[in-house]
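For reference, the structure is listed below as structure tokens.
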Amino acid sequence: MTLVTETDPARPERRRHRRFSMELGLRYTLASGQTGTGEVINMSTGGLVFRGGIQLRAGELIQADLTWPFPLESGQSLELRVHGMVVRSDLMGTAVSISKYRFRAVPPPED
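At position 24 of the sequence shown the residue is numbered 23 (numbering that gives the first Met the number 0), and the sequence of numbers has no breaks.
Here it is in structure tokens:
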């Protein structure tokens with residue numbers, strides 16, 4: 000995975016947190032119970048933008064699990080779980096303001 004900061008030297012950055020372009024798989028659940036999948040386009044400590052194929056309602060609470068590309072030393076997979084609110088959703092993607100986040104180990108699949 001390559002991290003690239005999204006800044007245009009011709010335009011001053013107005014965001015509070017630096018954004019990084021990345022491609023991570025994402026599964027989400029809305030407060031309404033609706034679930035879906037998508038791919039993260041960019042992310043910072045304060046928010047993320049993802050493409051999920053459908054437009055979501057601004058103001059909707061969301062929990063998302065992002066497939067983290069770097070496993071633990073033991074080889075166990077990690078996810079980044081974020082909680083937040085949809086602030087915008089259009090054809091370009093869905094923007095989420097992150098209120099909290101944490102890494103969690105993914106249990107190995109049962110045989």
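Positions of the beta carbon are idealized from the N, C-alpha and C atoms, including for glycine.
These figures come from a predicted structure and were not determined experimentally.
Discussion item. Please report the straight-line C-alpha distance between Val81 and Ala30, rounded to a whole angstrom.
Written reply: 13 angstroms
Worksheet item: Distance, Cα to Cα, Arg17 vs Gly51?
Response: 23 angstroms
Worksheet item: Measuring CB to CB, does Gly92 end up less than 8 angstroms from Ile40?
Response: yes
Discussion item. Taking 6 angstroms as the limit between beta carbons, can you name the residues of its chain near Gly74, skipping five residues before and five after?
Written reply: none
Practice prompt. Indicate whether Glu59 and Phe49 have their beta-carbon atoms separated by less than 8 angstroms.
Written response: no
Practice prompt. Determine the extent of the beta strand (DSSP E) in which Gly92 is found, giving its start and end residues.
Written response: Gly92 to Ala104
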